[in-house]
Amino acid sequence: MQMQAAVYHKPHEPLTIESVDIDKPRAREVLVRTVATGVCHSDLHIVDGNSRLPYDNPVVLGHEGAGIVEAVGDDVTTVSVGDHVVGCLSGFCGQCDLCLSGHPNLCQQGYVVRDRRSEPRLSQDGRSFEQLYNVGSFADHMLLHENSLVKIDASYPLDRAALVGCGVLTGVGAAIRTARVEPGQTVAVFGCGGVGLSVIQGARIAGANRIIAVDQFASKEEMAKRVGATDFVDASQHDAVQTVRELTKGGVDHAFEAVGNAALVRQAVESLAVRGTATVVGVPPPGTVFEIPFAALRPECRLQSSRMGSNQFRTDITRYLEFYRQGRLLLDEMVSVRGKLGDVNEAFRAMKAGEVARTVLTFD
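Using our numbering, read the sequence shown as starting at 36 and increasing by one per residue.
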């Protein structure tokens with residue numbers, strides 16, 4: 036069968052909407068009709084040439100998708116036709132040491148893919164196409180291994196559930212799982228895009244006493260405070276580190292960098308209190324080096340990274356959606372713009388301009 040997809044060919048060029056052949060599901064694979072997909076900064080990094088792809092073929096981008104199961108291959112046990120599902124780039128093997136010790140987001144076998152010697156999942160005129168992170172949600176169908184999917188309750192709106200597949204999972208998890216923010220602690224979040232706003236929400240849910248949002252776009256203040264920030268620092272007008280230290284009388288217990296920018300990593304570290312922890316959530320361009328003077332380190336502070344919110348996505352996604360049902364996790368507010376597949380390049384422009392928290396593309 037054929038599907039419509041937004042295809043990446045080379046950096047600095049807009050994605051093109053093309054007809055792409057999609058194979059039928061084979062063993063442990065699931066065919067999903069895509070209902071909605073978020074547009075994430077990781078996709079933008081690729082288009083802007085700031086992320087290396089291990090592919091020589093065209094790529095269907097997108098990795099934050101939700102939809103309805105249309106068909107399943109042999110030996111699929113976790114979902115059935117008609118189930119509502121969310122895709123996640125943390126596809127896991129379930130057999131390596133890290134998977135078996137409760138860290139499937141760090142799976143040593145990488146993403147669960149189809150054997151390269153078999154027919155490709157996606158193709159066009161005999162040429163193989165790739166799926167970004169083995170998801171490829173910028174398309175009206177997705178063909179995934181079942182270990183890249185989680186079944187969710189059909190009552191959740193799929194245009195909001197899609198966000199939990201990457202940005203929300205990453206940000207909320209960074210606060211709750213990776214950093215383990217405790218009630219009463221102070222937090223600073225550098226960067227208030229979709230991931231940064233999710234970090235703010237995770238810190239709020241964890242019970243942080245003060246949450247300081249930092250961004251170069253003053254327009255982010257309203258949204259940051261709506262989802263839980265107690266303070267906002269306009270980094271284009273103020274020294275962010277100095278302001279955070281003044282607001283907290285010495286520094287924060289936790290600082291999060293949510294952009295992937297080396298300068299912001301340094302600022303996050305410099306904003307810490309004694310024994311504070313800085314967590315790098317954003318993904319910097321290849322070759323990025325963090326330079327932090329020793330004099331900037333407070334006694335016994337820590338710098339750590341977070342990969343996809345240290346998630347166990349099969350349980351975390353359903354748990355976070357229950358937070359949404361309870362009104363504790365705000366997803367409706369995260370969707371700034373809705374569009375169709377043909378609006379994907381405009382979504383990238385708006386993201387770069389700081390105009391949106393998240394754009395969600397929906398499919399009829």
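Each residue gets a CB set at the ideal place from its N, CA and C atoms; glycine is no exception.
- Rounded to the nearest angstrom, the gap between the Cα atoms of residue 43 and residue 308 is 43 Å.
- Contact between the region 309-316 and the region 284-293 is present, with at least three C-beta pairs closer than 8 Å.
- Between residue 67 and residue 104, the alpha-carbon positions lie close to 4 Å from each other.
- The three-state reading of DSSP puts residue 327 in coil, since its state is none of H, G, I, E or B.
- With the rule of 3 Cβ pairs closer than 8 Å, the region 309-328 does not count as touching the region 346-363.
- Under DSSP, residue 266 shares a beta bridge with 247.
- Looking from the CA of residue 250, the closest CA among 238, 227 and 260 belongs to 227.
- According to DSSP, residue 165 shares a beta bridge with 94.
- Assigned with DSSP and collapsed to three states, residue 154 falls in coil, not helix or strand.
- With 16 or more other Cβ atoms inside 10 Å of its own Cβ, residue 255 counts as buried.
- Around the Cβ of residue 116, a 10 Å sphere holds fewer than 16 other Cβ atoms; the residue is exposed.
- Unbroken alpha helix (DSSP H) stretches of 4 residues or longer found wholly inside the region 75-140: 76-82 and 132-135, given in chain order.
- In the structure shown, residue 36 adopts coil according to DSSP, grouped into three states.
- Residues 114, 118 and 120 of the same chain have their beta carbon placed closer than 6 Å to that of residue 186, with the five preceding and five following residues left out of the count.
- A contact between stretches requires three or more CB pairs, one per stretch, nearer than 8 Å, and the region 172-187 meets this requirement with the region 145-160.
- Contact between residue 58 and residue 37 does not hold, since their C-beta atoms are separated by about 11 Å, which reaches or exceeds 8 Å.
- Boundaries for residue 255: no beta strand (DSSP E) harbours it, and the DSSP string shows neither H nor E there.
- The three-state reading of DSSP puts residue 234 in helix, counting H, G and I together.
- Residue 302 sits in a helix when the DSSP states are folded into three classes.
- Judged by DSSP secondary structure, residue 219 falls outside any alpha helix (DSSP H); it is assigned neither H nor E.
- Shown here, residue 382 sits in a helix according to DSSP, grouped into three states.
- DSSP places residue 211 in no beta strand (DSSP E); its state is neither H nor E.
- Cβ neighbours of residue 235 within its own chain (closer than 7 Å, five residues either side excluded): 224, 246, 248, 259, 262, 263 and 264.
- In terms of CA proximity to residue 294, 80 leads the group 80, 60, 39 and 40.
- In the DSSP secondary-structure assignment, residue 54 is bridged to 39.
- In the three-state scheme derived from DSSP, where H, G and I count as helix and E and B as strand, residue 197 is classed as helix.
- The region 46-56 makes contact with the region 80-98, as at least three CB pairs between them are under 8 Å.
- Residue 41 and residue 175 have their alpha carbons spaced roughly 10 Å apart.
- Residue 273 sits exposed, since fewer than 16 C-beta atoms from the chains shown fall within 10 Å of its C-beta.
- Residue 186 sits in a strand when the DSSP states are folded into three classes.
- In the structure shown, residue 147 adopts coil according to DSSP, grouped into three states.
- Inclusion of residue 218 and residue 237 in the CB contact set at 8 Å is not warranted, their separation being larger than that value.
- Contact check between the region 381-390 and the region 207-215: fewer than three CB pairs, one atom from each, fall below 8 Å, which does not count as touching.
- Per DSSP, reduced to three states, the secondary structure at residue 274 is coil, with no helix or strand assignment.
- For residue 204, the secondary structure class from DSSP, reduced to helix, strand or coil, is helix.
- Rounded to the nearest whole angstrom, the CA to CA distance from residue 135 to residue 277 is 44 Å.
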